[in-house]
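Enquirer: Could you have a look at this structure, given as structure tokens, before my questions?
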Amino acid sequence: MLKLIRLEYRKTNLRPYTLSVIIATILFIGFIYLFAYIPRIDEDPELLMFAEYSTVSGLLILVSLTTYSVLASAMFAKMVIDTFDANSLTLIYSYPVRRSAILLSKIIAVLLFTAAAMMISNTVVFTLFFLTESISPLVNDTFVSSVVLDALSLTLLSMAAMSAISVTAMTIGLYRQSVPLTIISTVVILASTNNVFMEVLSNPVILLVTLVLCIVVLSVSTLLAAKHVRDLEVA
Amino acid sequence: MKVKTADVSKLYDSYEVLKRINMNVDDGNIYGLLGPNGAGKSTLLKMLSGLNAPSLGEVYFNGNALHIDDGHVKPLIGSVIETPVFYNHLSAYENLSIHLEYMNTDHLTIEEALTIVGLKTAGDLPVAKFSLGMRQRLAVARAFIHLPELLVLDEPLNGLDPKGVKEMRALFKKLRGQFDMTLIISSHILNEIEHVADEIGILHKGELLTEVSMQTLKINYPDGIETFFFNMTEGDG
Ligand SMILES: Nc1ncnc2c1ncn2[C@@H]1O[C@H](COP(=O)(O)OP(=O)(O)OP(=O)(O)O)[C@@H](O)[C@H]1O
Ligand SMILES: [Mg+2]
Chain A
216 MLKLIRLEYR KTNLRPYTLS VIIATILFIG FIYLFAYIPR IDEDPELLMF AEYSTVSGLL
276 ILVSLTTYSV LASAMFAKMV IDTFDANSLT LIYSYPVRRS AILLSKIIAV LLFTAAAMMI
336 SNTVVFTLFF LTESISPLVN DTFVSSVVLD ALSLTLLSMA AMSAISVTAM TIGLYRQSVP
396 LTIISTVVIL ASTNNVFMEV LSNPVILLVT LVLCIVVLSV STLLAAKHVR DLEVA
Chain B
79 MKVKTADVSK LYDSYEVLKR INMNVDDGNI YGLLGPNGAG KSTLLKMLSG LNAPSLGEVY
139 FNGNALHIDD GHVKPLIGSV IETPVFYNHL SAYENLSIHL EYMNTDHLTI EEALTIVGLK
199 TAGDLPVAKF SLGMRQRLAV ARAFIHLPEL LVLDEPLNGL DPKGVKEMRA LFKKLRGQFD
259 MTLIISSHIL NEIEHVADEI GILHKGELLT EVSMQTLKIN YPDGIETFFF NMTEGDG
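In order, the protein sequences belong to chains A and B.
Last residue of the first sequence? That's 450 in the numbering used here, and every number before it is there in order.
Last residue of the second sequence? That's 315 in the numbering used here, and every number before it is there in order.
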């Protein structure tokens, strides 16, 4: 399996994706300071929720989840939907490797890349932000170690959510053999689950339930995709 | 017997593209599969190379039933089917190298294979920049580089200039002679394969009309075998 994953990276031009990650990280740094600065713009009491670390961190996690889910589904569109189209199948089906193994290696390759990118990107953004907060804070809240811990657990949860969302979108796209549908599904799923994510911030039980749910959805989607691929024919 | 099919049929929805094909390809032969456009050649070759499964019947390879997910036989087969697909942003060299990683078996060196098909100087060029004929040559190189026992070539002379056609014919004979490969080559042009084939099968409207050795044909049709081909497929072909 390791060899198959390595081959997936060799076959794919990763440069545009790496570039996207770098640009996204720079934008996130801008966002997190913007979120923190909002309550100071004018003293509107309705904006006071922005004066808390949990809101600032939560918003950044949402932005990052959205960005990386879309990036992952773009990679799935290229690496899975395009290679499992009726013509390109000739290529992978001539290899002495089970079809489901090829699919699985592609899913792991994409998720490894995007999850690692997410981790690195969030770490850079939060480390920088917390560092300047500990020196001269923008946020009114008191800065304690639990703020850092919350950011970390939210990052981990959003990695699981990103995996579940993008693989589900990939499976939907695979059944219809459609790249646009893959991307649209990602956006629709994101839009309809955002609320849940904001709830998660305040409640560790919901956080755990969401995590388990993500893993279940990820597994079911992967199995459905593998089942679909097994019956595909070369055109 | 290298390849044998037992009552192989292929249906798309309820349309029968291939009807109970019983084909026999001897070990070490070059088998020419002839038939007009739409006869079902590509459909049949995809099953012979283990890419698609028959709807009915069985394909036998070295006497064993061939299954599409069988990891053991895939390295023993090389194929070029219809318009070949590559990793276009990668070089010819990289394409062959990745192919060999997947095949994981004894093989010619990439330089040897590229030289044999006349692409020695184009090895570092991205395949996206290749001409039609160059892609065809590279596809053939990819099909034989892992030294398969069976080489399945669907209209391999497509896009080649006269010099390329001549070289390719010589290559087919070399692969059979030097590397003991069995070749199945399809074409809708009789002239393309009558000079290389040992045996010819004629496919027409999804039916294998006949299988006959070139030797027999040459005796029965001393003036050329066009008349034979025409007689077989005459009418509405
Ligand atoms: N995936 C498919 N779904 C439905 N019909 C198909 C499919 N593939 C092939 N056919 C039909 O099967 C018939 C045979 O097609 P095939 O490509 O095997 O012919 P061929 O002999 O290779 O022709 P050509 O010389 O033009 O390459 C055609 O009528 C084609 O429309
Ligand atoms: Mg064809």
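For every residue, glycine included, the Cβ atom is placed at its ideal position computed from N, Cα and C.
#1: Taking one C-beta from the region 274-293 of chain B and one from the region 87-99 of chain B each time, how about it: are there three or more such pairs within less than 8 Å?
#2: For B/N130, return the contacting residues in chain A, with the cut-off set at a CB-CB distance below 7 Å.
#3: Any heavy atom of ligand 2 closer than 6 Å to the beta-carbon of B/S175?
#4: One question on the structure: do A/V340 and A/Y268 come within less than 7 Å of each other, judged by their Cβ atoms?
#5: Quick check on the burial criterion: 16 or more other C-beta atoms within 10 angstroms. Buried or exposed for A/I241?
#6: Does B/H224 have its Cβ less than 7 Å from a Cβ in chain A?
#7: On the DSSP bridge assignment, give the partners of B/P204 in chain order.
#8: Taking the DSSP output, what are the residues bridged to B/E289?
#9: Determine the DSSP secondary structure at B/N182, reduced to helix, strand or coil.
#10: With a Cβ-Cβ cutoff of 7 Å, do B/S127 and B/S87 count as a contact?
#11: Determine, using beta-carbon pairs with one atom in the region 326-333 of chain A and one in the region 277-289 of chain A, whether at least three such pairs fall under 8 Å.
#12: Reducing DSSP to helix, strand and coil, say where B/S92 ends up.
#13: Less than 7 Å separating the beta-carbons of B/P114 and B/H266?
#14: Could you list the residues in the region 159-188 of chain B with a C-beta less than 9 Å from some C-beta on chain A, going in chain order?
#15: How many angstroms separate the CA atom of A/T408 from the CA atom of A/V363?
#16: Within its chain, find whatever has a CB closer than 7 Å to the CB of A/L275; leave out the 5 residues flanking it on each side and keep chain order.
#17: Closer than 8 Å, Cβ to Cβ, to anything on chain B: give me those residues from the region 216-243 of chain A, in chain order.
#18: For B/I99, list the residues DSSP reports as bridge partners.
#19: As a quick exercise: from B/Q256, B/R247, B/I188 and B/D85, pick the residue whose alpha carbon is nearest that of B/N269.
#20: Near A/K293, what residues of its chain come up, given a Cβ to Cβ distance below 6 Å and the 5 sequence neighbours on each side ignored?
#21: Answer yes or no: does any C-beta atom of chain A fall closer than 7 Å to that of B/P153?
Expert: Here's the rundown:
#1: They touch, by the three-pair rule.
#2: For the purposes of this step, residue 130 of chain B is taken as the residue at position 52 of the second sequence. By Cβ distance, chain A contributes E448 and V449.
#3: For this step, residue 175 of chain B is matched to residue 97 along the second sequence. Relative to ligand 2, the beta carbon of B/S175 is positioned no closer than 6 Å to any heavy atom.
#4: Position 125 of the first sequence holds residue 340 of chain A. Position 53 of the first sequence holds residue 268 of chain A. With a cutoff of 7 Å on beta-carbon distance, A/V340 and A/Y268 are scored as not near each other.
#5: Here the question's residue 241 of chain A lines up with position 26 in the first sequence. It counts as exposed.
#6: In the second sequence, the residue the question calls residue 224 of chain B occupies position 146. Look at B/H224: its C-beta is not under 7 Å from any C-beta on chain A.
#7: In the second sequence, the residue the question calls residue 204 of chain B occupies position 126. In the DSSP output, where bridge partners are listed per residue, B/P204 has B/S169.
#8: Within the second sequence, numbered from 1, the residue matching residue 289 of chain B stands at position 211. Paired residues: B/G279.
#9: Working through the second sequence from its first residue, we reach residue 182 of chain B at position 104. Three-state result, B/N182: coil.
#10: One-based indexing of the second sequence puts residue 127 of chain B at position 49. One-based indexing of the second sequence puts residue 87 of chain B at position 9. 7 Å or more divides the Cβ of B/S127 from the Cβ of B/S87.
#11: Yes, since at least three Cβ pairs between the region 326-333 of chain A and the region 277-289 of chain A fall closer than 8 Å, the two stretches touch.
#12: Locating residue 92 of chain B in the second sequence gives position 14, counting from the first residue. Coil at B/S92, not helix or strand.
#13: For the purposes of this step, residue 114 of chain B is taken as the residue at position 36 of the second sequence. For the purposes of this step, residue 266 of chain B is taken as the residue at position 188 of the second sequence. Taking C-beta atoms as the reference points, B/P114 and B/H266 count as a pair closer than 7 Å.
#14: Among the residues of the region 159-188 of chain B, those with a Cβ less than 9 Å away from any Cβ of chain A are I159, E160, T161, P162, V163, F164, Y165, H167, L168, E172, S175, I176, H177, E179, Y180, M181, N182 and T183, in the order of the chain.
#15: For the purposes of this step, residue 408 of chain A is taken as residue 193 along the first sequence, with counting starting at 1. For the purposes of this step, residue 363 of chain A is taken as residue 148 along the first sequence, with counting starting at 1. As the crow flies, the alpha-carbon of A/T408 is around 24 Å from that of A/V363.
#16: Locating residue 275 of chain A in the first sequence gives position 60, where the first residue counts as 1. Counting only Cβ-Cβ distances below 7 Å, and skipping sequence neighbours, we find F243, F246, I247, F250 and V340.
#17: Against chain B - using a Cβ distance shorter than 8 Å - the residues of the region 216-243 of chain A are K218, L222, R225, K226 and N228.
#18: One-based indexing of the second sequence puts residue 99 of chain B at position 21. According to DSSP, which records beta bridges pairwise, B/I99 is partnered with B/V86.
#19: For the purposes of this step, residue 269 of chain B is taken as residue 191 along the second sequence, with counting starting at 1. Nearest option by C-alpha distance: B/R247.
#20: Within the first sequence, the letter at position 78 stands for residue 293 of chain A. Around A/K293: no qualifying Cβ.
#21: Counting from 1 along the second sequence, the entry for residue 153 of chain B is found at position 75. Judged by the 7 Å Cβ criterion, B/P153 is in contact with chain A.
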